[in-house]
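Have a look at the structure below, then the notes.
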Ligand code: NAD
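In my numbering, the protein residues as written are 25 to 502.
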């Protein structure tokens, strides 16, 4: 085993949390290395981690293609546009997605080169608070690298179910579900959580009959429940076969089909489908991350114990992104923590505000929110007032022929401070940015009501929802 020079910082993992952290460290003058072992389908090195290569970016790229195909098939006629013989080549669509994510991954390599970050293609194992053993992906000799600070950012991977063993041919995980090159005629998905719904949006738009089997009796427990109810209505109208209270107990592959067994209140059921996607949650990638003698403290689910500054129990070792439980598994949460930790290490003052962290579900229409839900605030006994405005009352929604959804503002009944903003609708992921900024600046509903919004836009619904508090809305919402 050879030894290499001491770095100020070694970042383990080049997903959004890791690459942002490495770049910020380098910008702050710290000698930085980043170790990552991801390989693309051709076995080549690519940065960006699961988020770029097999998660949100890959998913949203396919969703955009699927939306386009769906619109060409269903929405052109009413615009007076005629198109014939529209067909889809799924393999070419997947290639297009791969081209995009490869280009974005190479952009991260360019940023690393620009910032003189040593990029090491290897699997890392934490030996102690200052040393990491690296096993190069090309099989060359292992070595030990040292740093004054270590940032763990290895992300998460799909959870396996013992009764639905993934073979990535018939029973596929959420990664392989973004790489299917033929259209499954009938598709079942275990889990109607964020990933299950995003994958359902892609494949149902491309033409698969899509059945979602969700163990919970209630639908989407994280967002505001009014939004979840609206989402349920819209998705089922779009053709999702959403079966709640349906717990999958077994899945077996035959020669060409998968048989899925599930139980609900009415008893046991069996379903035969062409493919089964397992989207039943993710787990942090901490298996084999640290040698036992390193004594890195994990909880019973494998998350790394950290304090509010992302510091682990080992001095100088941090864990960010999906590895800790300081917030949900979201790329932008990891990015912020990456920057936050880099600034701490460089001795800069830095803060992170988890209260204004936006959440997005990239379905069509999208769901996005920031702050507290109505049910959480009521449970806390907070006096609140609610302003709601549906998109169908805006001219822009009609112009684009996408009128579904609404914006819901929740403010404190006495102080008028905004406490939560919830959106379901086209471009909710973009619209939420205005609400995040407003809450970051401690805005009131009055601020929204007095802010001039361009007409005609979807963002006018913010203005109108704020006016709705005072029953001064200018448009007729129903
Ligand atoms: P999830 O926890 O959101 O959903 C998994 C669902 O599977 C749950 O509702 C659970 O009840 C159900 N389930 C589990 N076992 C089952 C069984 N045997 N039968 C039927 N249903 C079963 O997990 P996910 O959708 O895999 O997402 C994982 C994480 O990744 C989440 O924290 C999510 O926030 C994050 N993520 C976020 C985004 C985004 O921000 N757009 C995208 C992808 C993932």
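Positions of the beta carbon are idealized from the N, C-alpha and C atoms, including for glycine.
These numbers come from a predicted model, not from an experiment.
For residue i and residue j, I'd like the C-alpha separation in whole angstroms.
{"i": "residue 316", "j": "residue 79", "result": "30 Å"}
{"i": "residue 280", "j": "residue 195", "result": "11 Å"}
{"i": "residue 474", "j": "residue 144", "result": "52 Å"}
{"i": "residue 365", "j": "residue 45", "result": "7 Å"}
{"i": "residue 119", "j": "residue 34", "result": "33 Å"}
{"i": "residue 10", "j": "residue 47", "result": "The requested residue 10 does not occur in the structure, where the chain is confined to residues 25 to 502."}
{"i": "residue 390", "j": "residue 320", "result": "38 Å"}
{"i": "residue 40", "j": "residue 67", "result": "21 Å"}
{"i": "residue 227", "j": "residue 325", "result": "31 Å"}
{"i": "residue 489", "j": "residue 354", "result": "27 Å"}
{"i": "residue 129", "j": "residue 293", "result": "43 Å"}
{"i": "residue 258", "j": "residue 53", "result": "50 Å"}
{"i": "residue 175", "j": "residue 42", "result": "8 Å"}
{"i": "residue 343", "j": "residue 178", "result": "9 Å"}
{"i": "residue 412", "j": "residue 265", "result": "28 Å"}
From what residue to what residue does the beta strand (DSSP E) around residue i run?
{"i": "residue 432", "result": "430-436"}
{"i": "residue 125", "result": "From DSSP, residue 125 is part of no beta strand (DSSP E) but of the alpha helix (DSSP H) over 114-138."}
{"i": "residue 334", "result": "Looking at the DSSP string, residue 334 is not in any beta strand (DSSP E), and its letter there is neither H nor E."}
{"i": "residue 444", "result": "442-449"}
{"i": "residue 60", "result": "56-60"}
{"i": "residue 66", "result": "No beta strand (DSSP E) contains residue 66, which DSSP labels as neither H nor E."}
{"i": "residue 142", "result": "142-150"}
{"i": "residue 237", "result": "233-238"}
{"i": "residue 306", "result": "306-308"}
{"i": "residue 400", "result": "Run containing residue 400: none in the beta strand (DSSP E); it sits in the alpha helix (DSSP H), 398-403."}
What three-state label does DSSP hand residue i in the structure shown?
{"i": "residue 316", "result": "helix"}
{"i": "residue 170", "result": "strand"}
{"i": "residue 285", "result": "strand"}
{"i": "residue 227", "result": "helix"}
{"i": "residue 193", "result": "coil"}
{"i": "residue 370", "result": "coil"}
{"i": "residue 413", "result": "strand"}
{"i": "residue 300", "result": "strand"}
{"i": "residue 477", "result": "coil"}
Got a sec, what are the start and stop residues for the alpha helix (DSSP H) residue i sits in?
{"i": "residue 265", "result": "Note, residue 265: premise wrong, no alpha helix (DSSP H); beta strand (DSSP E) at 265-268."}
{"i": "residue 17", "result": "Coverage of the chain is limited to positions 25 through 502, which leaves residue 17 absent and any answer about it impossible."}
{"i": "residue 256", "result": "249-262"}
{"i": "residue 210", "result": "First-last for residue 210: 210-214, but that is the beta strand (DSSP E), not the alpha helix (DSSP H)."}
{"i": "residue 91", "result": "80-98"}
Below 8 Å on the Cβ atoms is my guess for residue i versus residue j; work out the distance and round it to an integer in Å.
{"i": "residue 453", "j": "residue 384", "result": "4 Å"}
{"i": "residue 469", "j": "residue 493", "result": "5 Å"}
{"i": "residue 398", "j": "residue 250", "result": "7 Å"}
{"i": "residue 380", "j": "residue 460", "result": "5 Å"}
Exercise for review: Determine contact between the stretch 28-37 and the stretch 157-176, defined as no fewer than three beta-carbon pairs at a distance below 8 Å.
Suggested key: yes
Check your understanding: Is the number of C-beta pairs between the stretch 144-151 and the stretch 310-329 that are closer than 8 Å three or more?
Key -> yes
Exercise for review: Inspect the CB distances between the stretch 422-431 and the stretch 351-364 and report whether three or more fall short of 8 Å.
Suggested key: no
Practice item. Report yes or no: do the stretch 447-458 and the stretch 397-412 share at least 3 C-beta pairs separated by less than 8 Å? Key: no
Check your understanding: Taking three-plus beta-carbon pairs below 8 Å as touching, is the stretch 105-112 in contact with the stretch 435-443?
Key -> no
Exercise for review: Determine, using beta-carbon pairs with one atom in the stretch 233-240 and one in the stretch 410-430, whether at least three such pairs fall under 8 Å.
Suggested key: no
Review point. Are the stretch 75-92 and the stretch 217-225 touching, with three or more C-beta to C-beta distances below 8 Å?
Key: yes
Review point. Counting pairs of Cβ atoms below 8 Å between the stretch 268-277 and the stretch 329-339, do you hit three or more?
Key: no
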